[in-house]
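So the structure is just underneath, and the comments pick up after that.
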């Protein structure tokens with residue numbers, strides 16, 4: 012009730028010794044801006060105006076933070092599985108260079124200060140799809156090391172291991188298959204596949220077109236995880252997340 016609202020030029024600092032919190036407008040001409048210079052006020056101008064000050068800037072999570080000359084912390088924030096925003100913390104407020112903050116029933120944080128050494132093993136029992144904030148923050152290896160997981164391929168964000176971390180989406184591997192539509196159709200038919208979720212990383216595939224071509228007509232939900240291991244596209248036929256399956260044929 013005692014708050015005072017003022018209208019002023021955001022690029023003209025009027026205070027000293029306080030933390031500045033900025034939330035530039037993210038849309039230009041009705042479209043979400045992907046260029047930091049298209050925010051209002053422009054992000055480069057805003058950071059220049061408050062150089063040397065304690066500042067926190069809320070911005071879109073889709074910006075290319077690797078291309079920014081930012082000496083502070085970049086935090087990616089998700090809520091219930093969806094990446095919602097990013098925050099830039101100035102060096103005086105930063106406690107890491109990168110942070111993923113996952114909000115939800117089982118919230119947690121991951122930073123680049125954590126270990127990222129991973130073993131190299133064949134695929135385990137499960138494929139784990141990390142939260143989008145972890146992926147966007149570039150902290151997949153740190154998350155994997157925390158939970159005893161490893162990567163299917165060092166360039167791909169899918170993880171694997173013998174258990175699924177609390178709150179993560181995991182898919183139990185049933186078969187590893189070549190990426191051939193005829194092979195996939197036969198495996199799905201053999202397992203009475205009905206509803207089919209298709210996840211893909213590192214390969215050029217249209218999930219909707221592939222799903223239509225596979226023509227599954229069964230009753231049991233499954234998931235296809237299509238990815239690249241080395242130079243070869245690979246498919247993992249998995250049980251649907253949280254679902255039940257028939258016995259292996």
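Numbering (our numbering), first residue to last: 12 to 260. For each residue, glycine too, the CB sits at the ideal point set by N, CA and C.
Across which residues does DSSP place residue i in a beta bridge pair?
i: residue 189; result: 245
i: residue 233; result: 207 and 250
i: residue 170; result: 139 and 162
i: residue 121; result: 111
Tell me the DSSP secondary structure of residue i in three-state form.
i: residue 147; result: helix
i: residue 90; result: strand
i: residue 69; result: strand
i: residue 114; result: strand
i: residue 61; result: coil
i: residue 51; result: strand
i: residue 25; result: coil
i: residue 224; result: helix
i: residue 183; result: strand
Beta-carbon within less than 8 Å of residue i's beta-carbon, same chain only, minus the 5 sequence neighbours each way: which residues are those?
i: residue 175; result: 137, 139 and 181
i: residue 44; result: 37, 38, 50 and 71
Less than 7 Å between C-beta atoms, sequence neighbours within five positions excluded: which residues of the same chain meet that for residue i?
i: residue 205; result: 227, 229, 230, 231 and 232
i: residue 89; result: 95, 113, 114, 142, 143 and 144
i: residue 129; result: 152, 155, 156, 161 and 162
Please classify residue i as buried or exposed, where buried requires at least 16 neighbouring CB atoms within 10 angstroms.
i: residue 30; result: exposed
i: residue 153; result: buried
i: residue 113; result: buried
i: residue 166; result: exposed
i: residue 172; result: buried
i: residue 22; result: exposed
i: residue 17; result: exposed
i: residue 35; result: buried
i: residue 261; result: This structure cannot speak to residue 261, because the chain is shown only from 12 to 260.
i: residue 246; result: buried
Flag this pair as yes or no: are the beta carbons of residue i and residue j separated by less than 8 Å?
i: residue 107; j: residue 123; result: yes
i: residue 234; j: residue 210; result: yes
i: residue 33; j: residue 68; result: yes
i: residue 116; j: residue 178; result: yes
i: residue 192; j: residue 248; result: no
Ignore the nearest five residues each way along the sequence and tell me which others in residue i's own chain have a CB closer than 6 Å to its CB.
i: residue 148; result: 87, 109 and 111
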